[in-house]
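A.B. asks: Handing you this structure, nothing more for now.
Here's what the structure looks like:
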């Protein structure tokens with residue numbers, strides 16, 4: 017979705033315009049658009065990683081709870097049978 021809104025050529029052109037002093041000046045709207053694109057890309061990346069982190073944490077937490085439940089269940093059954 018991000019690549020549709022902001023092509024990589026835009027960022028490349030901005031990079032060249034910022035590093036090399038070109039003869040024609042870059043318009044402010046173009047510069048702001050490129051800045052918006054880069055911020056958007058960073059935001060998307062962080063949002064995706066955050067979602068992955070949250071889901072992974074939930075999965076691990078649920079597995080941890082299940083493990084403890086199984087351990088308690090098996091120890092209870094073992095003690096009950098041995099009694």
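In our numbering, the protein residues as written are 17 to 99.
Using N, Cα and C, we set each Cβ at its ideal position, and we do this for glycine too.
Being a predicted model, the structure only gives us computed values, none of them experimental.
To the nearest angstrom, how far is the alpha carbon of residue 91 from that of residue 66?
C.D. replies: Whole-angstrom Cα-Cα distance: 37 angstroms.
A.B. asks: Alpha carbon to alpha carbon, how far is residue 97 from residue 83?
C.D. replies: Distance between the alpha carbons of residue 97 and residue 83: 21 angstroms.
A.B. asks: Mind checking which residues open and close the alpha helix (DSSP H) that includes residue 47?
C.D. replies: Residues 44-98.
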